[in-house]
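S.K.:
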Amino acid sequence: MKFKLFDVEFEVSFLFFVIICTALIANNYEFIYVLLFSSLHELGHIVSLYLLGGKADKITISFYGIGLKHSSDLPVSREILFLLSGILINLLFVMFNIKRDINLALLVINALPIYPLDMGRCLKLVLEKYFDFRISYFFMYVLSAVALVLLVGYSFYCKKFSLLIISAYLAYWLFRGNL
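Every position in the sequence shown, counted from 1, becomes a number in this note's numbering once 131 is added.
Okay, here's the thing in structure tokens:
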């Protein structure tokens, strides 16, 4: 379903409702909480984008939560604040002990220096500011690949197979070359 509200395009995936209903029927409330807090993470990005003078182009609601696309031309410092705002939301929930394990996991995952995660995007902005494109791309690619290998190793070591799913998604982004 697609619609426009306040000059922002919204897209709600049918699969979102299927996943929510399946989780509710299966009494899998942890999955619902993951969706909720990842959505609040993205809401932090949306609010900070507007507070920093930007504007959302598209908001997608799907089985993995809320996604945001914007084409605002923010200065690097504001773009970094925008990117860190989601992590800050999860940090606040951790500090107030609200579903601490879920929010800590979201915080740590988004703090990894892997593109397209929040910290990976921040690092990419900083590298592009100080180095030419080829050098920044090379450093970002190598750092993302090393962090991804460590994440996969950790997920096997700790038998955290949900991290393997996240790793597969991140590997897809990394190896398709869209840094």
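Quick reminder that beta carbons are idealized off the backbone N, C-alpha and C, glycines included.
#1: So for ALA157, helix, strand or coil by DSSP?
#2: By Cβ distance, which residues of its chain are closer than 7 Å to SER193, with the 5 residues on each side in sequence left out?
#3: Which first and last residues belong to the beta strand (DSSP E) in which LYS135 is found?
#4: Am I right that HIS172 and ASN221 are in contact with their C-beta atoms under 8 Å? What's the rounded C-beta distance?
#5: By the DSSP assignment, the alpha helix (DSSP H) with LYS186 in it spans what residues?
#6: Would DSSP call ILE229 helix, strand or coil?
#7: Can you name the start and end residues of the beta strand (DSSP E) that PHE262 belongs to?
#8: Strictly by DSSP, which residues pair up with VAL143?
#9: Nearest to LEU294 by CA position, among LEU305, ASN228, PHE306 and LEU279, is which residue?
#10: Quick one, which of PHE168, SER298 and ASP138 has its alpha-carbon nearest LEU223's?
M.R.: In brief:
#1: coil
#2: SER144, LEU146 and PHE147
#3: 133 to 136
#4: 6 Å
#5: LYS186 -> no alpha helix (DSSP H), and no H or E assigned at all.
#6: coil
#7: Careful: PHE262 lies outside any beta strand (DSSP E) and carries neither H nor E.
#8: ILE192
#9: LEU279
#10: PHE168
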